[in-house]
Ligand SMILES: Cc1cc2nc3c(=O)[nH]c(=O)nc-3n(C[C@H](O)[C@H](O)[C@H](O)COP(=O)(O)OP(=O)(O)OC[C@H]3O[C@@H](n4cnc5c(N)ncnc54)[C@H](O)[C@@H]3O)c2cc1C
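In my numbering, the protein residues as written are 1 to 328.
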């Protein structure tokens, strides 16, 4: 496996922003990953993981460390609707292949760009499905322990595994966000027996719905902010309803499972289309930031703080980033 130097990261992200990685490699096998981690250890480098780059923002100055692009693309059907899936497998591939094989539950993955590893990291979801619903077990490697001495001592031993209930999955959350040294290597997915034709049809519908509501062809990292979990506080809810200038019934309709959409709030402030430098709030989906061609990470950071400030001042709501800012 080759370790490259000064590789521009913009090309590996969907928003096409980011300076060079001092070191960069692609890990296709456990051997590749071990070599990469040993290299990082010898040179005392920080390690940063990258999947499809569809939810990541790297700084303009780049990354002073080793960026490992995960490309474990193993995909094996086991018994009873179980699939062993590498962290580098595309979500679209998982959706298509499992549906074709007559299994149901992963169709929504077709509508989410990126890899299985990135999706586990952030418990990605769409159309009512989330990774937590289809993951049975996650196999990971603790990069911190992967020193040459450890590698020798642990040769032949199995990687660490977490059962789904140990992954601390929540709305766009997982235990992996708390442990930046844990590298997701592969996962066991559990699906239900279904009908192949119906599965394909569902995928088509999800993709068509997604295309009509989101800016999928632009350079973007998807939703910038998480939807906001509303407190169980009638006074606050009434205050928010008034701020939104909505009737009670209309207000109830926009609250989904106790959350209010960040995009909806941004839209209500009339921010769609707002531009700072090369970054623009999408005209189609207010929670998407679009790189119009020359955007920098700095533009994105300034835009994010402007949105947060406006939402805080107007609605008393503190938005949290869904985008992963890496190495800032
Ligand atoms: C047009 C568009 C639409 C989108 N729609 C949705 C949607 O409907 N629902 C949704 O949930 N998301 C959506 N997203 C966001 C994105 O698709 C998901 O967050 C996806 O899971 C990111 O996967 P990735 O492989 O690209 O992750 P990356 O961006 O590569 O990485 C994301 C984070 O995961 C970490 N990571 C990646 N791989 C590993 C690994 N193997 N081990 C440890 N850490 C790792 C990275 O370090 C980073 O912190 C959308 C994005 C775009 C561009």
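Cβ atoms here follow ideal geometry from the backbone N, Cα and C, with glycine treated the same way.
Using a Cβ-Cβ cutoff of less than 6 Å, which residues in the same chain neighbour residue i once the five nearest sequence positions on both sides are dropped?
i: residue 319; result: 225, 262, 308 and 311
i: residue 8; result: 20
i: residue 271; result: 281
i: residue 75; result: 85 and 89
i: residue 274; result: 281
i: residue 160; result: 140
i: residue 117; result: 51, 70, 87 and 184
Based on the DSSP secondary-structure assignment, which residues constitute the bridge partners of residue i?
i: residue 220; result: 290
i: residue 161; result: 139
i: residue 20; result: 8
i: residue 226; result: Bridge partners of residue 226: none, in fact.
i: residue 173; result: 170
i: residue 26; result: 69
i: residue 144; result: Residue 144 is not bridged to any residue.
i: residue 193; result: 103
Taking the continuous alpha helix (DSSP H) assigned at residue i, which residues delimit it?
i: residue 321; result: Residue 321 -> no alpha helix (DSSP H), and no H or E assigned at all.
i: residue 213; result: 196 to 213
i: residue 40; result: 30 to 42
I'd like the list of long-range same chain contacts for residue i, defined as Cβ closer than 8 Å, with 5 residues on each side in sequence excluded.
i: residue 294; result: 277 and 278
i: residue 60; result: 17, 18, 19, 296, 297 and 298
i: residue 32; result: 1, 25 and 26
i: residue 168; result: 174, 175 and 178
Looking at the unbroken beta strand (DSSP E) that takes in residue i, where does it start and where does it end?
i: residue 236; result: No beta strand (DSSP E) holds residue 236; the alpha helix (DSSP H) holding it covers 234 to 243.
i: residue 315; result: Residue 315 -> not in any beta strand (DSSP E); alpha helix (DSSP H) instead, spanning 297 to 315.
i: residue 5; result: 4 to 8
i: residue 188; result: 182 to 190
Tell me which residues share the same chain as residue i and place their Cβ nearer than 7 Å to its Cβ, disregarding the 5 neighbours each side in the sequence.
i: residue 285; result: 213, 214, 215 and 263
i: residue 181; result: 142, 143 and 144
i: residue 77; result: 83 and 101
i: residue 111; result: 126, 127, 206, 207 and 210
i: residue 287; result: 223, 224, 225, 262, 263 and 266
i: residue 46; result: 65
i: residue 193; result: 81, 102 and 103
i: residue 28; result: 71 and 72
i: residue 172; result: 122, 123, 226 and 322
Have a look at residue i and residue j and give me their C-alpha separation to the nearest angstrom.
i: residue 237; j: residue 315; result: 10 Å
i: residue 126; j: residue 6; result: 35 Å
i: residue 220; j: residue 53; result: 10 Å
i: residue 205; j: residue 130; result: 17 Å
i: residue 15; j: residue 303; result: 14 Å
i: residue 325; j: residue 97; result: 31 Å
i: residue 259; j: residue 198; result: 30 Å
i: residue 229; j: residue 72; result: 35 Å
i: residue 99; j: residue 201; result: 10 Å
i: residue 67; j: residue 3; result: 10 Å
i: residue 256; j: residue 105; result: 21 Å
i: residue 218; j: residue 283; result: 11 Å
i: residue 306; j: residue 196; result: 46 Å
Using a beta-carbon distance below 8 Å, is residue i in contact with chain D?
i: residue 266; result: The chain labelled as chain D is not found in the depicted structure, where only one protein chain is given.
Report the start-end ranges of each alpha helix (DSSP H) in the region 253 to 282 that is 4 residues or longer and not cut off at the edges. 262 to 268
Just to confirm the assignment: which complete alpha helix (DSSP H) runs, minimum length 4, are found wholly within the region 49 to 132? 91 to 100 and 116 to 121
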